Amino acid sequence: PRRRSKSFTMKVERDVEEAAASLGTPGHRWLLLRHGQTDANAEGRVQGSTDFSRLTEEGQRQARQAGEFVATLDIDKVLLTVPC
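Counting in the numbering used here, the sequence shown runs without a single skipped number right up to 196 at its last residue.
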């Protein structure tokens, strides 16, 4: 597994803490997105956090649609997870 530096991990933790602190603040809205369908999802396999699975054609379509939708939003900050 790929290891993250301590400074990277600490920055992510600060970003998450800052975002969590804004949860009850008026004017903040949250949008949670999941990746599009992968070949493992389509086959009913549990995959966890690997990079072996690829988006299916349906997953690519879903990702394009999500990107088009997100592009219409006024976004101040993006938090995302990455495989560790």
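Beta carbons: idealized from backbone N, C-alpha and C, even for Gly. Everything numeric in this text was worked out from a predicted model, so none of it was measured.
Extent of the continuous alpha helix (DSSP H) to which residue i belongs
i, result
"residue 176", "169–182"
"residue 186", "Counting along the chain, residue 186 falls outside any alpha helix (DSSP H), and DSSP gives it neither H nor E."
From the options, residue whose alpha carbon lies closest to that of residue i
i, options, result
"residue 170", "185, 153 and 157", "153"
"residue 190", "127, 122 and 119", "127"
"residue 181", "123, 122, 143 and 138", "143"
Buried or exposed by the 16-neighbour rule on C-beta atoms within 10 Å, applied to residue i
i, result
"residue 164", "exposed"
"residue 196", "At residue 196 the pLDDT is 48, less than 50, meaning the model places this residue with poor confidence and gives no usable figure here."
Test item: CB-CB of residue i and residue j under 9 Å
i, j, result
"residue 141", "residue 151", "no"
message: Count Cβ pairs between the segment 166–185 and the segment 140–147 that sit closer than 8 Å; are there 3 or more?
response: The segment 166–185 vs the segment 140–147: in contact.
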